[in-house]
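Engineer:
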Amino acid sequence: MKYFVYILIIIIISLGILLKNTFDDLSFVNAKFNIQKKTANNLHKKNKALISQKNKIRTKLKDRRKHIIQKHLRRSEKKIALAPTKMIPFVGMPLIITMTAYDIKESCDDIKEFKVFEKDICNIAYDNNNDTEDDICGLNIDELKMIIKKQYENIASAK
């Protein structure tokens, strides 16, 4: 009986130690879980903030693109409107007209490059609904040069 009590005490002590270790392990796991939960919540908040920031950048980029396109189109319209007035001194007229045409072409190329840049950065499909852009950037520079050259030759031969 005495040995039975000793064995029983040893079993109870062993179970107590085992249970204490189990509870310690459970509290450790619970603490780790809480840390992971806080980290997940923190990452979720940061992700929302990044998405919001990305949307703001997209909006700013889109507004910037529109501004640059409008600026280039206004500049091109002005150059087209001023081109006839530059033709008054008949000397160098083809050069002035050609330079104006190439300047317009470069502006249109800048617009195209910016559209490609925007698509690469933001994956935004560009909606082309600007008639002025189509009219100005749709000009064929070589065709325009030939027409102006013929008109210049006609004016020069009329003298």
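As numbered in my numbering, residues 2 to 160 make up the sequence shown, in order.
All C-beta atoms, glycine included, are put in the ideal place defined by N, C-alpha and C.
(1) What does the Cβ neighbour count give for Ser77, buried or exposed, with the cut at 16 atoms within 10 Å?
(2) Alpha carbons only, please: which of Lys63, Lys49, Glu134 and Arg66 is nearest the one belonging to Arg75?
(3) Whole angstroms is fine: what's the gap from Lys120's alpha carbon to Leu145's?
(4) Is Phe34 close to chain D, meaning its C-beta is less than 8 angstroms from at least one C-beta of that chain?
(5) Would you mind sorting Ser108 into buried or exposed? The rule is 16 or more other CB atoms within 10 Å of its CB.
(6) Count the other C-beta atoms from every protein chain shown that fall within 10 angstroms of the C-beta of Ala102, then say buried if there are 16 or more, exposed otherwise.
(7) Considering only the alpha carbon of each residue, which of Val30, Ile81 and Ile36 lies closest to Cys138?
(8) Roughly how many angstroms separate the alpha carbons of Thr60 and Leu44, rounded to a whole number?
(9) So Cys123 packs on Leu62, CB below 8 angstroms; how close in whole Å?
(10) Do you know offhand how far Lys46's Cα is from Lys38's?
(11) Runs of 4 residues minimum, wholly inside the region 107-146: which ones carry the alpha helix (DSSP H) assignment?
(12) Quick check: the Cα distance between Lys57 and Phe24, rounded to an integer number of angstroms?
(13) Closer than 7 angstroms by C-beta to Thr99: which residues in its own chain qualify, once you throw out the five before and the five after it? Chain order, please.
Structural biologist: The short version:
(1) Counting Cβ neighbours within 10 Å, Ser77 comes out buried, since at least 16 surround it.
(2) Looking at the Cα atoms, Glu134 is the closest of the given residues.
(3) Between Lys120 and Leu145, the C-alpha separation is close to 31 angstroms.
(4) In the structure shown, chain D does not exist; there is a single protein chain.
(5) Only buried fits Ser108, as 16 or more other CB atoms lie within 10 angstroms of its CB.
(6) Within 10 angstroms of the beta-carbon of Ala102 lie 16 or more other beta-carbons, which makes it buried.
(7) Cα-wise, what sits closest to Cys138 is Ile81.
(8) Using only the alpha carbons, I get a separation of about 24 angstroms.
(9) In this structure, Cys123 and Leu62 form a Cβ contact; the two beta carbons are roughly 6 angstroms apart against a cut-off of 8 angstroms.
(10) Between the alpha carbons of Lys46 and Lys38 lies a gap of roughly 12 angstroms.
(11) If you keep only unbroken alpha helix (DSSP H) runs of at least 4 residues inside the region 107-146, you get 132-138.
(12) The alpha-carbon atoms of Lys57 and Phe24 are separated by roughly 49 angstroms.
(13) Taken in chain order, the residues that qualify are Lys146.
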